[in-house]
Amino acid sequence: MDKLAEFTENRPRLFGLAYRLLGEATEAEDVLQDAYLRWEASGPVEVPAAWLTKVVTNLCLSRLGSARARREKYVGPWLPEPVLTEDGRLGPLETAEQRESVSLGVLLLLERLTPPERAAFVLREAFGYRHAEIAEVLDVGEAHARQLYRRARAHVSEPRRRFTASTAHREEIVLRFLAAAAEGDLAGLERLLAEDVVVWSDGGGKVTAARRPVLGPSRVARFVAALAADPRAAGLDVTIRTVNGEPAVVFHEAGSLYMVLSFDLDGDRVAALHAVLNPDKLAYAAAQAL
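Positions -4 to 285 (our numbering) are the ones given, in order, by the sequence shown.
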């Protein structure tokens, strides 16, 4: 198999890895371009998949340091870039664990980790790597790789919710939420919200968005109802798409992607809403939606 064919065969897995590590689809594409240049210039490689995984992981680790510095100066809450996943863009998402590994909520939790911890967690949780294999990728001892994973899991596992409901049930909750919002039904909205519900809005200073999270069922219900009652909402095209493995609401205005609203569900309740409005963050999904 020639170099291009080998890389193309591995590309979907490598993109899924880079996206999970960076939380940014456009950056993940840039990493894959850099990885291909290195792959094309390399000599004979005994196990191409392992070689490429190591290169992509380390390219991402190099970028995570500067990414953290940029995010500290970001205007308002920072959210990962949404990706439409109906075409398998991020690999198989058939199980709750696979969907969870790319949800915006979990990707946001991964921001708490150091770059090596994030790599250990993603390689183990999303791709099933053994600790010895993770150690090889990260150039550390196996004991250190285990420690990185344990620390990562301790930081991430406690606050996250497992996705157990069926796809049809999750879509039903989203539809009920939309109906209550459109009707201005505050009581109906509150019944759908968890006690610790939170709304995160990412406008990046480019468009109007809440600069701070909105907390609690009453405040979130009023916030959502006010947005739905805004005259601008009447001109939006609203569809439900699969985004990062979960049903999400996609809003278009005059043919352009305006917002992606994703849901973290806890049983029958909405535990978190992630609203991405920053046009830069929507560029990848907008290209997918064409």
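For glycine and all other residues, C-beta sits at the position ideal for the given N, C-alpha and C.
When C-alpha distances from Arg146 are compared across Arg165, Val117, Phe172 and Gly123, the shortest belongs to Val117.
Around the C-beta of Leu285, fewer than 16 other C-beta atoms lie within 10 Å, and the residue is accordingly described as exposed. For the pair Gly11 and Gly123, the CB atoms are not nearer than the 8 Å cut-off. Counting only the Cα atoms, Phe172 lies some 10 Å from Arg186.
Burial is judged here by how many other beta carbons sit within 10 angstroms of a residue's own beta carbon; Glu22 has at least 16 and is buried. For Tyr253, no alpha helix (DSSP H) encloses it; the enclosing beta strand (DSSP E) starts and ends at Ser251 to Asp261. In this structure, Val78 is the residue among Ala45, Ala175, Ala91 and Val78 with its C-alpha nearest to the C-alpha of Asp275. Residue pairing by DSSP places Ala243 opposite Arg236 and Ser257 in a beta bridge. Exposure of Gly136 is indicated by the presence of fewer than 16 other C-beta atoms within 10 angstroms of its C-beta. The three-state secondary structure of Arg125, taken from DSSP, is coil.
By alpha-carbon distance to Leu88, the top candidate from His150, Arg8 and Thr109 is Arg8.
With a cut-off of 8 Å on Cβ pairs, the region 227 to 236 is not in contact with the region 100 to 119, counting fewer than three such pairs. Look at Ser213 here: in three-state DSSP terms it is helix. By the Cβ rule, the region 188 to 201 counts as touching the region 212 to 221, because three or more pairs are nearer than 8 Å.
Residue range Arg264 to Val271 is occupied by the beta strand (DSSP E) that includes Ala267. A straight-line Cα-Cα distance of about 35 Å links Val132 and Asp261.
As summarised for the region 73 to 112, there are no continuous beta strand (DSSP E) elements at least 3 residues long confined to that stretch. Between the region 57 to 77 and the region 265 to 281 there are three or more inter-stretch CB-CB distances shorter than 8 Å, so the stretches are counted as touching. Counting C-beta atoms within 10 angstroms of its own C-beta, Leu210 has fewer than 16 neighbours from the protein chains shown and is therefore classed as exposed. Apart from the 5 residues on each side of it in sequence, Leu27 sits with its Cβ closer than 8 Å to the Cβ of Arg6, Leu9, Phe10, Ala13 and Val51 in its chain, given in chain order.
Rounded to the nearest whole angstrom, the C-alpha separation of Gly183 and Ser257 is 19 Å. Distances from the CA of His164 to each of Ala282, Val265 and Val40 were compared; the closest alpha carbon is that of Val265. The alpha-carbon of Ala205 is positioned some 26 Å away from that of His150. When beta bridges are read from the DSSP output, Val193 appears opposite Leu210 and Ala267. Burial state of Ser96 is buried, judged by a 10 Å Cβ sphere holding 16 or more other Cβ atoms.
For Glu22, the enclosing alpha helix (DSSP H) stretches over residues Ala20 to Ala36. Beta-bridge pairing by DSSP links Leu231 to Glu248. Secondary structure of Leu188 (DSSP, three-state): strand.
Where Pro43 is concerned, the enclosing alpha helix (DSSP H) starts and stops at Pro43 to Glu67.
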